[in-house]
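First the structure, in the form of C-alpha coordinates, and then the observations on it.
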(Lines of atoms letter the chains of each structure in order from A and count residues from 1; the text may use other names and numbers.)
(Lines give C-alpha, C1' and ligand atoms only; values in the text may rest on other atoms or scores of the structure.)
Protein backbone atom coordinates (compact mmCIF):
# COMPACT_ATOMS: atom_id res chain seq x y z
CA UNK A 1 0.00 0.00 0.00
CA UNK A 2 1.21 3.46 -0.93
CA UNK A 3 -0.30 6.82 -0.02
CA UNK A 4 -0.18 9.48 -2.73
CA UNK A 5 -1.45 13.01 -3.13
CA UNK A 6 -3.14 12.94 -6.54
CA UNK A 7 -4.62 15.89 -8.40
CA UNK A 8 -7.47 14.33 -10.43
CA UNK A 9 -7.38 15.01 -14.15
CA UNK A 10 -10.11 12.64 -15.34
CA UNK A 11 -11.53 9.14 -15.36
CA UNK A 12 -11.45 6.67 -18.25
CA UNK A 13 -13.45 3.49 -18.88
CA UNK A 14 -11.47 0.92 -20.84
CA UNK A 15 -12.76 -2.59 -21.53
CA UNK A 16 -15.09 -2.41 -18.52
CA UNK A 17 -12.42 -1.14 -16.13
CA UNK A 18 -12.37 2.39 -14.69
CA UNK A 19 -9.08 4.28 -14.38
CA UNK A 20 -8.30 7.51 -12.54
CA UNK A 21 -5.86 9.76 -14.34
CA UNK A 22 -4.22 12.14 -11.93
CA UNK A 23 -1.14 14.27 -11.53
CA UNK A 24 1.45 13.21 -8.97
CA UNK A 25 4.32 15.63 -8.60
CA UNK A 26 3.06 17.39 -11.70
CA UNK A 27 3.22 14.24 -13.87
CA UNK A 28 0.08 12.44 -15.09
CA UNK A 29 -0.33 8.84 -13.94
CA UNK A 30 -3.02 6.19 -14.31
CA UNK A 31 -4.57 4.17 -11.49
CA UNK A 32 -7.07 1.34 -11.70
CA UNK A 33 -10.02 2.56 -9.60
CA UNK A 34 -10.64 -0.94 -8.20
CA UNK A 35 -7.13 -0.86 -6.68
CA UNK A 36 -7.74 2.33 -4.73
CA UNK A 37 -8.35 1.45 -1.08
CA UNK A 38 -9.28 4.88 0.25
CA UNK A 39 -9.78 8.42 -0.98
CA UNK A 40 -9.55 11.43 1.29
CA UNK A 41 -10.51 14.84 -0.10
CA UNK A 42 -7.96 17.49 0.79
CA UNK A 43 -8.80 21.11 1.54
CA UNK A 44 -8.08 23.63 -1.17
CA UNK A 45 -7.83 23.33 -4.91
CA UNK A 46 -5.26 22.60 -7.56
CA UNK A 47 -4.63 24.10 -10.96
CA UNK A 48 -5.41 21.73 -13.78
CA UNK A 49 -2.81 22.21 -16.54
CA UNK A 50 -4.49 24.19 -19.32
CA UNK A 51 -2.79 22.10 -22.00
CA UNK A 52 -3.69 18.67 -20.55
CA UNK A 53 -5.56 16.55 -23.11
CA UNK A 54 -7.06 13.47 -21.44
CA UNK A 55 -7.79 11.66 -24.72
CA UNK A 56 -4.25 12.21 -26.03
CA UNK A 57 -2.69 11.17 -22.72
CA UNK A 58 -4.83 8.03 -22.60
CA UNK A 59 -4.00 7.03 -26.18
CA UNK A 60 -0.28 7.34 -25.49
CA UNK A 61 -0.50 5.60 -22.11
CA UNK A 62 -2.61 2.73 -23.52
CA UNK A 63 -0.26 2.12 -26.45
CA UNK A 64 2.77 2.01 -24.14
CA UNK A 65 0.97 -0.23 -21.63
CA UNK A 66 -0.13 -2.70 -24.31
CA UNK A 67 3.35 -2.80 -25.87
CA UNK A 68 4.81 -3.70 -22.47
CA UNK A 69 2.16 -6.16 -21.31
CA UNK A 70 1.84 -8.45 -24.34
CA UNK A 71 4.69 -10.92 -24.09
CA UNK A 72 3.60 -13.44 -26.71
CA UNK A 73 1.07 -14.22 -29.42
CA UNK A 74 -1.48 -16.89 -30.22
CA UNK A 75 -2.63 -18.02 -33.65
CA UNK A 76 -6.40 -18.47 -33.71
CA UNK A 77 -9.33 -19.06 -36.03
CA UNK A 78 -12.39 -17.03 -35.18
CA UNK A 79 -15.96 -16.90 -36.49
CA UNK A 80 -17.86 -13.72 -37.38
CA UNK A 81 -19.71 -13.94 -34.05
CA UNK A 82 -16.38 -14.55 -32.32
CA UNK A 83 -15.00 -11.33 -33.82
CA UNK A 84 -17.93 -9.44 -32.27
CA UNK A 85 -17.34 -11.14 -28.91
CA UNK A 86 -13.61 -10.46 -29.10
CA UNK A 87 -14.30 -6.75 -29.49
CA UNK A 88 -16.57 -6.87 -26.43
CA UNK A 89 -14.53 -9.08 -24.08
CA UNK A 90 -10.90 -8.55 -25.06
CA UNK A 91 -8.53 -5.64 -25.40
CA UNK A 92 -8.59 -3.28 -28.38
CA UNK A 93 -5.13 -4.59 -29.36
CA UNK A 94 -6.44 -8.14 -29.49
CA UNK A 95 -9.57 -7.16 -31.42
CA UNK A 96 -7.52 -5.08 -33.88
CA UNK A 97 -5.32 -8.09 -34.68
CA UNK A 98 -8.24 -9.87 -36.34
CA UNK A 99 -8.74 -8.84 -39.94
CA UNK A 100 -11.98 -8.97 -41.87
CA UNK A 101 -10.97 -11.46 -44.58
CA UNK A 102 -12.78 -14.73 -43.87
CA UNK A 103 -12.45 -18.19 -45.42
CA UNK A 104 -15.29 -20.10 -47.11
CA UNK A 105 -16.69 -21.08 -43.69
CA UNK A 106 -16.77 -17.44 -42.52
CA UNK A 107 -13.83 -17.89 -40.15
CA UNK A 108 -10.79 -15.60 -39.97
CA UNK A 109 -7.26 -16.59 -39.00
CA UNK A 110 -5.29 -14.15 -36.88
CA UNK A 111 -2.29 -13.78 -34.63
CA UNK A 112 -3.42 -12.04 -31.44
CA UNK A 113 -1.21 -10.64 -28.68
CA UNK A 114 -1.41 -12.35 -25.29
CA UNK A 115 -0.10 -11.50 -21.82
CA UNK A 116 0.34 -15.06 -20.54
CA UNK A 117 -1.19 -18.48 -21.06
CA UNK A 118 -3.47 -18.05 -18.03
CA UNK A 119 -4.69 -14.62 -19.13
CA UNK A 120 -5.15 -15.83 -22.72
CA UNK A 121 -7.48 -18.61 -21.51
CA UNK A 122 -9.38 -16.04 -19.43
CA UNK A 123 -9.65 -13.75 -22.47
CA UNK A 124 -10.62 -16.39 -25.03
CA UNK A 125 -12.96 -18.72 -23.08
CA UNK A 126 -15.86 -16.19 -23.25
CA UNK A 127 -15.78 -16.65 -27.04
CA UNK A 128 -16.78 -20.29 -26.56
CA UNK A 129 -17.02 -22.35 -29.73
CA UNK A 130 -16.50 -19.22 -31.85
CA UNK A 131 -12.72 -19.39 -31.42
CA UNK A 132 -10.19 -22.13 -32.05
CA UNK A 133 -6.65 -21.76 -30.74
CA UNK A 134 -4.19 -23.21 -33.22
CA UNK A 135 -0.93 -22.24 -31.50
CA UNK A 136 0.81 -22.35 -29.10
CA UNK A 137 0.12 -25.98 -28.18
CA UNK A 138 0.19 -25.11 -24.47
CA UNK A 139 -2.67 -22.63 -24.89
CA UNK A 140 -4.64 -25.01 -27.12
CA UNK A 141 -4.32 -27.72 -24.42
CA UNK A 142 -5.39 -25.31 -21.67
CA UNK A 143 -8.46 -24.27 -23.69
CA UNK A 144 -9.33 -27.93 -24.30
CA UNK A 145 -8.98 -28.66 -20.57
CA UNK A 146 -11.42 -25.87 -19.65
CA UNK A 147 -13.86 -26.91 -22.41
CA UNK A 148 -13.73 -30.55 -21.25
CA UNK A 149 -14.36 -29.54 -17.63
CA UNK A 150 -17.32 -27.37 -18.70
CA UNK A 151 -18.78 -30.16 -20.83
CA UNK A 152 -18.46 -32.58 -17.91
CA UNK A 153 -20.22 -30.14 -15.60
CA UNK A 154 -23.20 -29.87 -17.94
CA UNK A 155 -23.35 -33.55 -18.96
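Residue numbers (our numbering): 1 to 155. Beta carbons: idealized from backbone N, C-alpha and C, even for Gly.
* To do: Mind reading off the beta-carbon distance from residue 124 to residue 133? Whole number of angstroms is fine, and I expect it under 8 Å.
  => 7 Å
* Asked: Does the distance from the CB of residue 86 to the CB of residue 74 come in under 8 Å?
  -> no
* Asked: Taking the runs of the alpha helix (DSSP H) that are 4 residues or longer, which of them lie wholly in the region 108-152?
  -> 117-124
* CB-CB length for residue 137 against residue 117, believed under 8 Å -> Between residue 137 and residue 117, the beta carbon gap of about 11 Å keeps them out of contact (Cβ cut-off 8 Å).
* Asked: Whose C-alpha, out of 90, 63, 79 and 91, is nearest the C-alpha of residue 105?
  -> In terms of Cα proximity to residue 105, the closest of 90, 63, 79 and 91 is 79.
* Determine the DSSP secondary structure at residue 4, reduced to helix, strand or coil. => coil
* To do: Please report the Cβ distance between residue 162 and residue 130, rounded to the nearest whole angstrom; I am assuming they are in contact, meaning their Cβ atoms lie under 8 Å.
  => Any question about residue 162 goes unanswered here, given that the chain covers just 1 to 155.
* Among 103, 147, 97 and 102, which one has its Cα closest to the Cα of residue 121? -> Closest option to residue 121, Cα to Cα, is 147.
* **Sequence-distant residues of the same chain with beta carbon closer than 6 Å to residue 140, five excluded per side** => Closer than 6 Å at the Cβ level, and outside the excluded window around residue 140, lie 133.
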